[in-house]
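Right, one structure below, let's go through it.
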Amino acid sequence: MVDTLSLTIGELASMVGISTDTIRAWERRHALLSPHRTVTGHRRYGMDDVETLRRVRQNVAVRRLSLKLAIAEAQGLLVEAAVPVPMPVLTVVDAAGGRSEAPWRAVADLLPNVVCIVNPTGEIIDTNMAFAHMTGVLRLELRGKRFLDLIEPANRAKAVRLYKPEPQRRRGWELNLRTRTVSGLFAFDSYVVPTMASAFIVLIGTDLSSSGLELWPQSTELPVQDSV
């Protein structure tokens, strides 16, 4: 899917809740965004720029990183901690429907994050207990369901971009999940795991609803630079 979003800096600022002055400063000092220019020379911003700024905001507000580290992480410049996905995920895919419990679940069930494994067509392969608890659906019943059915309609086109036209590595991809009782804002990191036949996506989500970040007021400002 081609990113056709074209925002002015004012529209971008309104969408992410960060002032235009701060966005310009970050862009100038850190080469943070990748706007394109119109034929008249005006800058326009796309969805990748929106998600980059949201990731910086999450890193500062939720993860309590310094601005320097928050920007470096959003740019993919920090070394990521290893996540327990490659071999265990292959076990889940190969043994789908079997009676044996995959080793990855013992690890994933210890995580406070929600974890969901999705195939290239958007069907759920498996989840951890946190994801099942959040949805109010038994893990066994989640298998085979469409991931999009758990996403608020307004976010579904965005959610599809995680795996179409091909699986994508994303950071801080904000989606509103639907459940039987509540809707919650989650920031998902996605990991592409290749197999012999295709590639699968492991989604690891952080609940932003409980952090209060979804209520971030538009007037709240992030630091232009770190304190010295």
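Under our numbering, the first residue of the sequence shown is numbered 57, with each subsequent residue one higher.
For each residue, glycine too, the CB sits at the ideal point set by N, CA and C.
**Study point:** Buried versus exposed, by CB contacts within 10 Å (16 or more), residue 177
**Key:** Looking up residue 177 in the sequence shown gives position 121. Exposed.
Practice item. Measure from the alpha carbon of residue 231 to the alpha carbon of each residue in 223, 241, 224 and 222, then state which is nearest. Key: If you number the sequence shown from 1, residue 231 lands on position 175. Comparing Cα positions, the closest option is 241.
Review point. Roughly how many angstroms separate the alpha carbons of residue 127 and residue 116, rounded to a whole number?
Key: Looking up residue 127 in the sequence shown gives position 71. Looking up residue 116 in the sequence shown gives position 60. In a straight line, the C-alpha of residue 127 is about 9 angstroms away from that of residue 116.
Practice item. Find out if the Cβ-Cβ distance for the pair residue 72, residue 110 is shorter than 7 angstroms. Key: Here residue 72 corresponds to residue number 16 of the sequence shown, with the count starting at 1. Here residue 110 corresponds to residue number 54 of the sequence shown, with the count starting at 1. Cβ distance < 7 angstroms, so residue 72 and residue 110 count as in contact.
Check your understanding: So what does DSSP say about residue 85, is it helix, strand or coil?
Key -> Locating residue 85 in the sequence shown gives position 29, counting from the first residue. Under the three-state reduction of DSSP output, residue 85 falls in the helix class.
Review point. Along the chain, where does the beta strand (DSSP E) that runs through residue 187 open and close?
Key: If you number the sequence shown from 1, residue 187 lands on position 131. Residue 187 -> not in any beta strand (DSSP E); alpha helix (DSSP H) instead, spanning 185-191.
Practice item. Just tell me which of 260, 213 and 259 has its CA closest to the CA of residue 103. Key: Looking up residue 103 in the sequence shown gives position 47. Measuring from the Cα of residue 103, the nearest candidate turns out to be 213.
Exercise for review: Counting only the same chain and skipping the five closest in sequence on each side, list residues whose C-beta sits under 6 angstroms from that of residue 260.
Suggested key: Reading the sequence shown from its first residue, position 204 is the one you call residue 260. 169, 171 and 245, listed in sequence order.
Point to revise | Separation of residue 221 from residue 204, as counted between CA atoms | key: Here residue 204 refers to the residue found at position 148 when the sequence shown is read from its first residue. Here residue 221 refers to the residue found at position 165 when the sequence shown is read from its first residue. Per the coordinates, the alpha-carbon of residue 204 lies some 15 angstroms from the alpha-carbon of residue 221.
Check your understanding: Exposed or buried, what is residue 191 when buried is set at 16 or more other beta-carbons lying within 10 Å of its beta-carbon?
Key -> As a position in the sequence shown, residue 191 is number 135, starting the count at 1. By the neighbour-count criterion, in which a residue is buried when 16 or more other Cβ atoms sit within 10 angstroms of its Cβ, residue 191 is buried.
**Study point:** Whole-Å CB distance - residue 227 paired with residue 130, under 8 angstroms assumed
**Key:** For this step, residue 227 is matched to residue 171 along the sequence shown. For this step, residue 130 is matched to residue 74 along the sequence shown. Between residue 130 and residue 227 the Cβ distance is about 7 angstroms, and since that is below 8 angstroms, they are a contact.
Check your understanding: When the Cα atoms are used, what is the spatial distance from residue 202 to residue 216?
Key -> Mapped onto the sequence shown, residue 202 falls at position 146. Mapped onto the sequence shown, residue 216 falls at position 160. Residue 202 and residue 216: Cα-Cα distance of roughly 11 angstroms.
Check your understanding: Among 166, 200 and 189, which has the Cα closest to the Cα of residue 173?
Key -> Within the sequence shown, residue 173 is the residue found at index 117, counting from 1. Its Cα nearest to that of residue 173, the residue 200 stands out among 166, 200 and 189.
Check your understanding: Exposed or buried, which one is residue 197 when buried takes at least 16 other CB atoms within 10 Å?
Key -> Taking the first residue of the sequence shown as 1, we reach residue 197 at position 141. Classification for residue 197: exposed.
Point to revise | Beta-carbon proximity list for residue 161, same chain, < 7 angstroms, skipping 5 on both sides | key: Residue 161 sits at position 105 when you count from the first residue of the sequence shown. If the five residues before and after residue 161 are omitted, its C-beta is found closer than 7 angstroms to the C-beta atoms of 184, all from its own chain and listed in chain order.
Check your understanding: Is the beta carbon of residue 121 sitting closer than 7 angstroms to the one on residue 105?
Key -> In the sequence shown, counting from the first residue as 1, residue 121 sits at position 65. In the sequence shown, counting from the first residue as 1, residue 105 sits at position 49. Not closer than 7 angstroms, so no.
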